[in-house]
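For the sequence shown, my numbering begins at 160 and goes up steadily by one.
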Amino acid sequence: MKKAIIIGSGAGGAMAAKMLSRDFDVIVLEQGKEFKPFSLPLEKLGAFRKTGLYFDERLIQLLLPNMRIDRNPEMVMVYGRGVGGTTTLATGNAVRADEGLKKIGINLDKEFEELYQELPITTDHQSRWSPITKRAFDVMQEMGLDPQPMPKLLRPKQCKMCGHCSIGCPTRAKWDTRELLDNIKVLTGCKVTRIEIDDNKARKVHARKGIQHLTFEADVIIVAAGGYGTPDILRNSGIECQKRLFVDPVLCVAAPMENVRQDRQLLMPFVSRREKYILSPYMDWLSFFFNKEWRKPMDGMASLMIKLADVEQGDVHHNKMQKTLTETDRQYLKNGVDDCREILIRMGAKEQEIFLGTLNAGHPGGMLPLTSAEAQTLHSPLLPDNLYVADATILPQALGLPPMLTIMALAKRIATNIIDHQNKLN
Ligand SMILES: Cc1cc2nc3c(=O)[nH]c(=O)nc-3n(C[C@H](O)[C@H](O)[C@H](O)COP(=O)(O)OP(=O)(O)OC[C@H]3O[C@@H](n4cnc5c(N)ncnc54)[C@H](O)[C@@H]3O)c2cc1C
């Protein structure tokens, strides 16, 4: 049997591994460890926070070891490091977001259809919305913002509505890509450093596991280390990336509202799509723990998220982003803040009490974007024949929408192309 190496076990990597495992001997090399959800009772942490001891966002790693945080003066980047990649921290939104791909001639209808069949995607959570969620939905409807229930990767009956979706679902009601990895060999704690390329062929994968230096050989290699990890591996292997990093910045706008308990609800239960951004109710844990403005009781605030499709410009090296918002980004964010203010006021908030969260982002990608010339192959000519990229790095533009379903659809197509190619060779 031919061998395939997949680097990374997030949205793209796990889906590619699952697909290839039917025809290849697959091994997944994953830098992180098994995922562990946030372990402390949040009430205790809330009490600790009241002492005024605020700490750096990066220290959240002590409490949630699979979450990684990078920050620059303007924003905080959040990503997953562990089995399941960033999907373990996702709020489970399953949105088809392939407008940019369609524009360059990539039609993924078949793959999305398969995903809807294979995964537990549902909007069947509306009956469990709490009064504050319903209120926000009604207000946004009154304002003509056309809110729609969010499709979720969720088994609603198992969901305790604890609001922990993005810090680790304790019941596994929320689906993540760990579920694709049953019966697949995953080597954890294994950081891939580079790929040795010779004569247009990827020959070896070089990696570090603890103090060991390991090398692996395979017929096919797929890099899926995420929008934050893949560019380093490619550059170390002699393949240049483009400084087109997008991140989908998120800003929350919140206001005190007594006993609304938004901390105990499904995150992002519905969505309103606006030009270049979306709006959705979201309890912003990052701001709650680390932003002084958020020193309010966690059960007593209502918060709305703006998620922006940013201008594709920026870079990442060794997990440090070089990225600032453009004037265009700022203008759209301002429009979003104005929308949120009006929604919150209509919901009963006092205008002078409205406050903003920490600007953060969790959808890095775009540094080896697909072009129309690659619409059939989904394979950049910069890559050797047997080396593929199957993660957010190949998305041609910022989505401003949850990307994981679209990344999985791309990974499916790439794996199918690889299998077809191998069958032709045999
Ligand atoms: C808080 C939060 C909530 C989110 N919610 C949603 C949501 O509801 N819906 C949605 O669609 N999207 C959501 N996202 C975004 C989504 O999770 C990511 O866009 C998606 O997982 C990216 O997939 P990927 O395959 O590109 O990378 P990832 O899922 O990040 O996977 C990359 C993997 O590669 C591994 N890796 C990195 N470097 C190396 C290396 N050198 N060697 C070996 N392994 C390596 C990493 O440890 C990781 O496991 C959310 C993100 C965050 C931060």
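The C-beta atom is built at its ideal place from N, Cα and C for all residues, glycine as well.
Remember, predicted model here, so these are calculated numbers, not experimental data.
Taking a C-beta distance under 7 Å as the contact criterion, E471 and A384 do not qualify as a contact pair.
DSSP lists K363 as the beta-bridge partner residues of E355. DSSP lists K311 as the beta-bridge partner residues of N252. When distances are taken from the beta-carbon of T517 to the heavy atoms of ligand 1, even the shortest one reaches 6 Å or more. In the three-state reduction of the DSSP assignment, N582 falls in the helix class, which pools H, G and I. In this structure, G525 sits near F405, with a CB-CB distance shorter than 7 Å.
Not a single heavy atom of ligand 1 lies less than 6 Å from the C-beta of N478. Counting other Cβ atoms within 10 Å of its Cβ, D358 stays below 16 and is therefore classed as exposed. Note that the C-beta distance between F375 and I553 is not below 7 Å.
Distance from the C-beta of L248 to the nearest heavy atom of ligand 1 is below 6 Å.
At the C-beta level, A366 and L188 come within 7 Å of one another. Distance from the Cα of M160 is smallest, within the candidate group L179, F183 and A170, for F183.
In this structure, DSSP gives T552 a helical state, which the three-state scheme calls helix. Contact between T247 and N225 holds: their C-beta atoms lie close to 6 Å from each other, under 8 Å. By the neighbour-count criterion, in which 16 or more other beta carbons inside 10 Å mark a residue as buried, T292 falls on the buried side. Taking non-hydrogen atoms of ligand 1 into account, the C-beta of N395 is found less than 6 Å away from none of them. Taking P196 as the centre and dropping the five residues before and after it, the same chain places the C-beta of G327 and P329 closer than 6 Å to its C-beta, in chain order.
Separation of the CB atoms of L410 and L492 is rounded to 6 Å, and the pair is thereby assigned contact status at 8 Å.
Residues of the same chain with a CB within less than 6 Å of the CB of L346, apart from the 5 flanking positions on each side, are L188 in chain order.
Between M460 and L503, the alpha-carbon positions lie close to 11 Å from each other. Taking 6 Å as the cut-off, one finds no heavy atom of ligand 1 near enough to the beta carbon of E338. Contact between the region 415-428 and the region 272-291 is present: three or more C-beta pairs spanning the two stretches fall below 8 Å. Look at the region 451-491 and you find these whole runs of beta strand (DSSP E), each 3 residues long or longer: 460-467, 474-476 and 479-481.
Within the region 254-298, the runs of alpha helix (DSSP H) that reach at least 4 residues and sit entirely inside it are, in chain order, 258-262 and 268-277.
Per the coordinates, the alpha-carbon of V185 lies some 32 Å from the alpha-carbon of K402. The straight-line gap separating the alpha-carbon atoms of D305 and R314 is approximately 25 Å. M563 is the residue among I577, M563 and E417 whose C-alpha sits nearest the C-alpha of K311.
Only residues of its own chain outside the window of five on either side were considered, and among them P555 and Q556 have a CB closer than 6 Å to the CB of G259, listed in chain order. By the C-beta density criterion, I380 is buried, having at least 16 other C-beta atoms within 10 angstroms. Taking a contact to require three or more Cβ pairs closer than 8 Å, the region 538-551 and the region 511-520 do not qualify as touching. Using a Cβ distance threshold of 7 Å, A574 and A256 do not count as a contacting pair.
Listed in chain order, the non-local C-beta contacts of N545 below 7 Å within the same chain comprise K360, A361, D378, V379 and I380, local neighbours out to five positions each way being set aside. Separation of the CB atoms of E193 and G241 is rounded to 7 Å, and the pair is thereby assigned contact status at 8 Å.
G322 is a Cβ neighbour of Q424, given a cutoff of 7 Å.
In terms of Cβ geometry, A170 and I566 form a close pair [threshold 7 Å]. In this structure A508 is buried. Its beta-carbon is surrounded by 16 or more other beta-carbon atoms within 10 angstroms.
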